[in-house]
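Right, here's the structure in full:
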């Protein structure tokens with residue numbers, strides 16, 4: 315892949331053969347961000363997983379201590395009292411059959427969808443549309459629930475979803491370049507701790523092969539996992 319001049323200049327600041335202590339890696343991710351906007355900082359975990367095995371196909375969600383720097387637009391598919399609860403919790407859009415129809419017609423002005431279990435039958439017909447976009451509600455990520463108040467508030471407060479890709483890697487945002495170093499370290503630590511806790515018992519050998527952080531369009535910086543284990 316041909317890289318731009320700014321990327322190549324940023325990459326010169328990094329030793330690609332080195333794994334940096336988390337504090338140093340976070341400092342570098344800021345120095346190597348060259349875009350004119352407040353770039354997202356993303357973590358990538360290369361895991362020794364085989365997603366074809368059900369128990370190794372990790373998927374879930376967690377609320378980062380300091381959020382992601384982005385306030386997500388939340389749509390809730392619910393009716394009756396649950397719809398009222400969603401509105402009071404701060405959902406951006408709330409509805410039932412009419413909203414499902416609107417989405418089916420091509421409306422996607424939202425980032426996350428929450429649904430109550432009783433609405434999943436109607437939502438199922440949109441699986442082919444919502445699935446590829448990563449918008450289909452799922453009990454594993456807490457987006458199919460009767461506690462819509464908690465679901466909406468968690469998402470608004472920086473909840474992220476994670477799942478293994480085809481080769482067992484997990485990518486997730488951990489904040490913005492404008493965050494303080496401490497906040498980025500704390501968010502990365504929370505994600506690392508969650509994934510470490512979820513290590514399947516069937517994994518043989520090294521579980522976390524590599525951890526990398528990068529800013530939007532910026533070069534990757536390898537993180538020493540041992541330094542993450544001592545973060546408080």
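Numbering (the numbering used here), first residue to last: 315 to 546.
Backbone N, C-alpha and C fix where the C-beta goes; we use that ideal spot for every residue, glycine too.
Source: prediction; values computed, not measured.
| Query | Result |
| --- | --- |
| Proximal residues to residue 373 (C-beta, below 6 Å), its chain only, five neighbours per side dropped | 454 and 477 |
| Nearest residue (CA-CA) to residue 441, options 418, 481 and 360 | 418 |
| Of the residues 434, 409 and 536, the one placed nearest residue 523, counting alpha carbons only | 536 |
| Presumed contact (8 Å Cβ cut-off) between residue 390 and residue 462, rounded CB distance | 6 Å |
| Integer-rounded CB distance, given that residue 483 should sit under 8 Å from residue 360 | 5 Å |
| Residue 520, buried or exposed, once every other Cβ within 10 Å from all chains shown has been counted against 16 | exposed |
| Backbone CA spacing between residue 531 and residue 486 [nearest angstrom] | 15 Å |
| Among 351, 327, 350 and 331, the one whose alpha carbon lies nearest that of residue 343 | 327 |
| Rounded C-alpha distance that separates residue 407 from residue 424 | 8 Å |
| Nearest-angstrom Cα separation, counted from residue 399 out to residue 499 | 34 Å |
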